[in-house]
Amino acid sequence: MLSKRLLARVLGVDAKTVRVEQAELVDDCVQIRLRPRIVHRWRCPHCENRCPHYDQGRTRRWRALDWWRTRVFVVAQVPRVQCAEHGVVVAAVPWVRHGARHTIAFEQVAAWCAVEMSATAASRLLRCTWRTVGSIVARVVAELDGDALLEGVRRIGIDEISYRRHRRYLLVVVDHDQRRLIHCVDGANRRTLESFFDQLGKRTSLITHVSADGAPWITKVVTERCPTATLCADIFHVVQWATEALDVVRRDTWNEVSERRRRGHYGTGEGKVLKDARWSLWKNPDHLSESEQARLDHIAATHPRLHRAWALKEGLRVAVTGVGPEAVAALDRWTQWAQRSRIPSFVTLARRIRNYRSAIVATITHRLTNALVESFNTKIRLIARRAFGFHNVAALIALARLTLSGQRPTLPT
């Protein structure tokens, strides 16, 4: 038989804490019987205190890492103990997490595989079900020190991401300085955001900057819980507001053209031109192709009101992407221009920009946007796509935390 110390090494257990008693081949599987050394026996799995012996328990079996194509199982007689705090529980053993059916080494490899490959590939490699991989990820994440992620947090980004139809969202909070995910929870609303600040506790007063998309519920909670923090409106969403206002004008223009055609006027094809011009109006003018520029020139000649709306959109984009006092002055000039434009959607937008002026100016001054948070949202979508969706949102959150929190698992050594 192989050396017992060598067997312990191959299993990934410490020979100083675990004693190998026997190894045998049973039904084409290697079965190794282990026993904790005396110092590590009869301990509560929750508080790790040594407890009185309750009964002999029963023989339990755990899956270990395969030896090439041969499955390996660990077998041990595990008693139950009487803990003063947690009652009668199965005693802890050094090679497995409480409640798990796999050794710690197996779970560490499974967690690494879940991060580096799809759940299907991980389950095929480890010869287990993908639900088992999900359960292992949840146990590994439960051991991560979530409180350590909140230490030293100064600048955070807050956003929401849709993970399922019918308006199901995750709340995502990212540390801008450490560039890692520090909070992810089901439900993007005032209650879940307040639970994050409750978790922060007194460290809330240390937050200096918060970037967000301008949602009223985020603004209200941040203002109440972080009164000294500077709230920065995400530039992408500000420009998106202008794009939406522009699209309102484009649709109104298209409706006017359609109405003239319904009244018996000869069709000129303007409706199709306006429909096809959607992307030309949305894109950065520096990135327009020749055909798109031709459509824009045609609109300037035939629909001056729509072209003026496009100029307003571009004016806001240039203002908010600028730097320094000149950009702030450009923003104020744009607000006055939009208010006098007599285009209802942009008059409404000017009012909205005026309400969010301090947050937009803070973004221009500090150059803090939600671009990092959006990149994390993209990675979370990739995680969900790689797994072909999740039946349980807790599994998605666990894998996102394991992958993006800066505490990625490593292979056992």
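Here the working numbering = 1-based position in the sequence shown + 651.
Every residue gets a Cβ at the ideal spot worked out from N, C-alpha and C, and that includes glycine.
Identify the residues that DSSP records as bridge partners of F1027: which are they? For F1027, which the question treats as bridged, DSSP gives no partner whatsoever.
Neighbour-count burial assignment, H834, 16 or more Cβ in a 10 Å radius: buried
Output yes or no for whether 8 Å exceeds the beta carbon distance between A610 and V998. Beyond the ends of the chain as shown, which are 652 and 1064, falls residue 610; an answer cannot be given.
Please classify H753: is it buried, with 16 or more other beta-carbons within 10 angstroms of its beta-carbon, or exposed? buried
Since T859 and T881 are thought to touch, with beta carbons under 8 Å apart, how far apart are those beta carbons, to the nearest angstrom? 7 Å
Starting from S862, trace the beta strand (DSSP E) both ways and give me its first and last residue. H860 to A863
Sorted by chain position, which residues of the same chain lie with C-beta nearer than 7 Å to L718's C-beta, five sequence neighbours on each side aside? Reading off the sequence shown, one finds Trp at residue 718, where the question assumed Leu. These residues qualify, in order along the chain: V681.
Classify T1029: buried if its beta carbon has 16 or more other beta carbons within 10 angstroms, exposed otherwise. exposed
From A1051, E811 and V723, residue whose alpha carbon lies closest to that of L822: E811
Can you give the Cα-Cα distance for H1042 and T771, rounded to whole angstroms? 14 Å
Using three-state DSSP, classify V1004 as helix, strand or coil. What sits at residue 1004 in the sequence shown is Ile, not Val. If DSSP states are grouped into helix, strand and coil, I1004 belongs with the helices.
In DSSP terms, what C734 is bridged to: G738
Threshold first: 4 residues or longer. Then list the alpha helix (DSSP H) segments lying entirely within the region 767-813, N to C. 770-777, 781-794 and 797-800
Would you say the region 995-1010 touches the region 1019-1035, given that touching needs at least three Cβ pairs under 8 Å? no
Do you know whose CA, among A952, V741 and V872, lies nearest P696's CA? V741
With a threshold of 16 other CB atoms inside 10 Å of the CB of E758, please say whether the residue is buried or exposed. buried
Taking the Cβ atom as the reference point for each residue, do G838 and V825 lie within a distance shorter than 8 Å? no
Going by DSSP, name the residue or residues bridged to H834. V824
Can you give the beta carbon distance from Y814 to L1047, rounded, assuming they're within the 8 Å contact cut? 6 Å
With a threshold of 8 Å on Cβ separation, who are the neighbours of V788 within its own chain once the five nearest residues in sequence on each side are excluded? A761, A762, A765, A1046, A1049, L1050 and L1053
In whole angstroms, what separates the C-alpha of A1013 from that of S769? 41 Å
Enumerate, from N- to C-terminal direction, the unbroken alpha helix (DSSP H) stretches of 4 or more residues contained entirely within the region 846-889. 867-876
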